[in-house]
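Just remember that my numbering sits 16 ahead of the position in the sequence shown, which is counted from 1.
The structure under discussion appears below in the form of structure tokens.
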Amino acid sequence: MADSTLKNGTSEHRRTFDARVYDLCRLIPVGRVTTYGWIAAAIDPPVGMEPFAFERIKPRWVGYALARCPGDVPWQRVINRQGGLSLKPGHEHQRALLEDEGVVFETSGRVNLERFGWKPNDA
17 MADSTLKNGT
27 SEHRRTFDAR
37 VYDLCRLIPV
47 GRVTTYGWIA
57 AAIDPPVGME
67 PFAFERIKPR
77 WVGYALARCP
87 GDVPWQRVIN
97 RQGGLSLKPG
107 HEHQRALLED
117 EGVVFETSGR
127 VNLERFGWKP
137 NDA
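The following block contains the structure:
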């Protein structure tokens, strides 16, 4: 399965993957964050897909899923592995939402993942 299959939304695998991403994101407690990679690590490869290939690209697929997420998914709680926000349009809004939930940003603009990080396996 090519990376573009999930990006373009043409696959049952994509719908299943997206649903799993959304379910995991809904578990993130208020005031906590997780990373694309931590979400990705909790999702098994689709049936018939080479596990090694899936491991390399699944954090990106989490990003694709969140770009199309329903309104009840707390997308703002997913950040990059360095504790930073992706610098795309809307990142100021994401930061404001997280700060409203009590997440503190360091002077570097990053979140301390040891303090605020949440892994799906913590649930």
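Built from N, CA and C at the ideal position, the CB exists for glycine as well.
Checklist entry - What number of angstroms, rounded off, separates the C-alpha of residue 32 from the C-alpha of residue 92? => result 21 Å
Checklist entry - Does DSSP put residue 30 in a helix, a strand or coil? => result helix
Next on the checklist: Tell me the DSSP secondary structure of residue 87 in three-state form.
Outcome noted: coil
Checklist entry - Can you give the Cα-Cα distance for residue 84 and residue 108, rounded to whole angstroms? => result 19 Å
Item to check | alpha helix (DSSP H) segment containing residue 134, residue limits | outcome: Note, residue 134: premise wrong, no alpha helix (DSSP H); not H, not E.
Checklist entry - Do residue 37 and residue 78 have their CB atoms nearer than 8 Å? => result yes
Item to check | residue 76 vs residue 100 beta-carbon contact at 8 Å | outcome: no
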